[in-house]
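Per our numbering, the very first residue in the sequence shown carries number 1; after that it's consecutive.
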Amino acid sequence: MSKWKTAAVLGVLLGLVLLLNLAGRWGNSQSRRYNEGEQEKNDRHMVFIVTGNGVRSHVAGVAHAASPDQYPLRGDLLAAFDESAVLVTERDLRQPVPQPVQSESFERHVSPETVERVRGLARVYGLEYGRLRGWDAMAVAGAFRYTVLEREGYSMEYGLDTYFTHRAAAGGKPIQEAEGLALSKEISNRINRECGEEALALIPEDPEKVLEEFRTMESLLREGNAEKAGRIVEAEASKGTRLAEIYWLERNRNMTERIEGYLEQGKSCFIVIGAGHVLGKGGILDLLEKKGWKVEQMEGAEEFFRDEAKVQAGSMRRRNQGIEYVDRERYHLFRKKG
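Right, dumping it as structure tokens:
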């Protein structure tokens with residue numbers, strides 16, 4: 001991969017993670033449509049098994065924005081979720097997020113040249129600059145990427161973290177946070193003050209590059225290509241810049257500490273975190289492994305949860321808990337009755 005292309009992918013990867021700082025929608029609809037596509041046998045997704053204390057948990061590295069065609073998910077992945085006792089996400093997506101306009105404006109912390117660049121890019125991307133002026137650098141960087149992805153049918157509504165949050169809420173599964181909104185906003189404010197220039201410099205000049213490079217990363221995640229995706233993530237986290245230290249390495253350490261606390265409670269966890277924090281040296285999996293946890297990538301659908309009786313028993317148990325399937329019966333999308 002060329003140096004320019006790697007930089008572009010890194011920008012998109014950062015943008016995917018920034019989306020959590022921008023969007024705060026939680027799907028309240030009774031029936032969510034997660035069955036637009038057809039299941040691909042080779043769709044592995046970036047899922048890992050973490051074992052320790054006699055308990056097996058799962059960690060999924062995801063993109064926060066996605067399209068409906070990644071659904072339905074593999075049965076073994078759904079079974080892994082169903083067998084877990086706790087869902088862990090970066091923050092509880094059921095909780096509303098304050099509007100970015102409530103943050104301190106990026107304009108106070110960057111040069112006039114950067115302000116003019118952002119103003120010009122807003123015209124290129126079809127964004128109203130006046131709406132961006134009061135936002136912090138993280139929210140602005142995320143807005144540029146998200147507007148391109150949304151026009152192409154990608155949405156946080158279809159991200160795996162949102163999907164599993166919906167499933168957990170419907171089934172009464174506890175949801176814990178690896179970071180939480182307060183710490184996330186603190187990180188955004190620090191970056192805005194200390195390295196807003198660097199974050200805004202990652203906005204591509206050409207909106208088409210956002211889509212092109214997003215699809216490259218999306219493909220790697222769906223294929224479960226941990227080696228290639230990990231190299232991209234590692235290159236970003238190891239740049240030695242202030243942005244890399246705060247946004248990647250520091251957050252990785254903080255989330256790993258909290259995740260390990262959940263794992264040590266002896267309950268099976270299903271952990272869904274942005275791929276940029278999961279993969280590579282200094283990522284959550286690397287840190288967990290160094291702490292003594294066994295980490296291995298989840299293989300194809302035939303390798304795990306092959307016992308159909310076990311899967312069916314889980315389905316019957318969910319029905320007995322007052323959960324019913326919606327849309328077409330063969331998809332594992334459900335809601336509370338009444």
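The beta carbon of each residue, even a glycine, is placed where N, CA and C say it ideally should be.
### Task
Label S219 either buried or exposed according to how many other C-beta atoms from any shown protein chain fall within 10 Å of its C-beta, with 16 as the threshold for buried.
exposed
Among all the DSSP beta bridges, which residues are the ones paired with H58? I49 and F270
| query | If you compare alpha carbons, which of E107, M138, R131 and D161 is closest to I191? | reply | M138
Outcome for A275 when other beta-carbon atoms lying within 10 angstroms are tallied against a minimum of 16
buried
Open item on the list: Looking at H277: is its Cβ nearer than 7 angstroms to the Cβ of M156?
Closed with: no
- Query: So does the stretch 210-224 actually touch the stretch 256-273, counting three or more Cβ pairs closer than 8 angstroms?
  - Reply: no
Short Cβ contact (7 angstroms threshold) for G172 with R91: no
Under three-state DSSP, which class holds L132? helix
According to DSSP, I175 sits in a beta bridge with which residue or residues? L87
Return the chain-ordered list of same chain residues with a C-beta closer than 7 angstroms to the C-beta of M316, the five sequence neighbours on each side being excluded.
-> Annotation note: pLDDT 36 at M316 (below 50); position unreliable, coordinate value reported separately. If we look at M316 and ignore the five residues flanking it on each side, it has no Cβ neighbours.
Spatial distance of T114 from A143 (CA atoms): 16 angstroms
- request: Figure out for me which residue from K290, K185, Y163 and G292 has the closest Cα to the Cα of F81.
  value: Y163
- Item | Beta-bridge pairing of Q297 - partner residues as DSSP gives them | F48
Residues that A66 bridges to, as DSSP identifies them: S155
For this session: Label E236 either buried or exposed according to how many other C-beta atoms from any shown protein chain fall within 10 Å of its C-beta, with 16 as the threshold for buried.
Result: buried
- Task: Assuming K294 contacts G52 (C-beta within less than 8 angstroms), just tell me the rounded distance between them.
- Result: 6 angstroms
From K185 to R251, what distance separates their C-alpha atoms? 12 angstroms
Practice prompt. Have a look at L243 and L160 and give me their C-alpha separation to the nearest angstrom.
Written response: 26 angstroms
For a test of the three-state rule: what should DSSP assign to P204, helix, strand or coil? coil
Q | Identity of the residue in I49, K239 and E107 nearest L200 by Cα | A | E107
**Message:** Tell me the rounded alpha-carbon separation between S57 and N254.
**Reply:** 19 angstroms
Which first and last residues belong to the alpha helix (DSSP H) in which D286 is found?
I284 to K290
Open item on the list: Please report the straight-line C-alpha distance between A309 and A79, rounded to a whole angstrom.
Closed with: Note that A309 has pLDDT 41, beneath the 50 cutoff, so the model's placement of it is unreliable and no number is given.
Practice problem: Would you mind sorting V124 into buried or exposed? The rule is 16 or more other CB atoms within 10 Å of its CB. | Solution: exposed
Starting from N254, trace the alpha helix (DSSP H) in both directions and tell me its first and last residue. R251 to L263
Span separating the alpha-carbon of E152 from that of P204: 17 angstroms
Does the Cβ of E213 have 16 or more other Cβ atoms within 10 Å, making it buried, or fewer, making it exposed? buried
Measure the alpha-carbon distance for G230 versus L279 and round it to whole angstroms.
-> 5 angstroms
Legend entry - Buried/exposed call for E299, threshold 16 Cβ in 10 Å: exposed
Judging by CA-CA distance, which residue of A168, L149 and L263 is the nearest neighbour of P207? L149
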